[in-house]
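If you're matching them up, the sequences are chains A and B in order.
Under our numbering, the first residue of the first sequence carries the number 641, and numbering increases by one thereafter.
Under our numbering, the first residue of the second sequence carries the number 88, and numbering increases by one thereafter.
Below: one structure, written as structure tokens.
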Amino acid sequence: GAVVSQHPSWVICKSGTSVKIECRSLDFQATTMFWYRQFPKQSLMLMATSNEGSKATYEQGVEKDKFLINHASLTLSTLTVTSAHPEDSSFYICSADVGITDTQYFGPGTRLTVL
Amino acid sequence: QKEVEQDPGPLSVPEGAIVSLNCTYSNSAFQYFMWYRQYSRKGPELLMYTYSSGNKEDGRFTAQVDKSSKYISLFIRDSQPSDSATYLCAMSVSGGYQKVTFGIGTKLQVIP
């Protein structure tokens, strides 16, 4: 099946700093990638849809200036959490759509802890 | 009312049991239905994918979709301790790059 990687797998940072998370499709090209956030015992919450070569589409309530998304190529999307605060601590997961069937393949996730 | 309802469990079963996991939904426009397995601190892994109503089998896993009842199921035969994970149902309206709606996930524990 399609493989999606994420880097880093975990990160700890100080409040006020920015953190970049990379999402790569390893064996396929992904025109569309998705960024999710997952809190403990909760389901995946879609943050934004990332399209290669264009601006990301953010879900209602997600601050676009805080969560910067760049989909620079067909195999790489990045999420930058700017001026991170403890409430941004969460599990961030990306996924890639392999085609017309809406079947998404997920990365392993990145656990962000903001001190 | 949530678009997708799923009992979070936890569900504990003995090894070898048949497991039944279910989701109900309210949006009759959903046509694509998926089941994902998520181990703790990992990203979800696609298990099954079906289009419209019907059954689909893959090894020990069987997915069923009943669009008339807006009800989907995942059956796991001969459950193993390695099946212990959270199972998320997911669904979408149409093909293409459309939003997928996830259930909250059911935590399953298979006891040796």
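Idealized CB from N, CA, C, for every residue including glycine.
Here the structure is a predicted model, which means the values were calculated and not measured.
- Contact between the stretch 667-686 of chain A and the stretch 153-172 of chain B is absent: fewer than three C-beta pairs spanning the two stretches fall below 8 Å.
- B:Tyr136 belongs to the set of residues whose beta carbon lies under 9 Å from a beta carbon in chain A.
- Note that the C-beta distance between B:Gln151 and B:Ile159 is below 9 Å.
- Beta-bridge pairing by DSSP links B:Gln196 to B:Ser99.
- Look at B:Glu132 here: in three-state DSSP terms it is strand.
- Annotation: B:Thr149 to B:Ile105 spans about 11 Å, alpha carbon to alpha carbon.
- Along the stretch 94-110 of chain B, the positions whose C-beta sits under 9 Å from a C-beta of chain A are Pro95, read in chain order.
- The beta carbons of B:Arg124 and B:Leu175 sit closer together than 9 Å.
- A distance below 8 Å between beta-carbons, with the five flanking residues on each side excluded, links A:Gln669 to the following residues of its chain, in chain order: Leu714 and Thr715.
- Per DSSP, the beta-bridge partners of A:Thr750 are A:Tyr732.
- Bounds of the beta strand (DSSP E) holding A:Val651 are Trp650 to Cys653.
- Between A:Gln646 and the set A:Phe746, A:Ser658, A:Ala696 and A:Leu755, the nearest pair of CA atoms involves A:Phe746.
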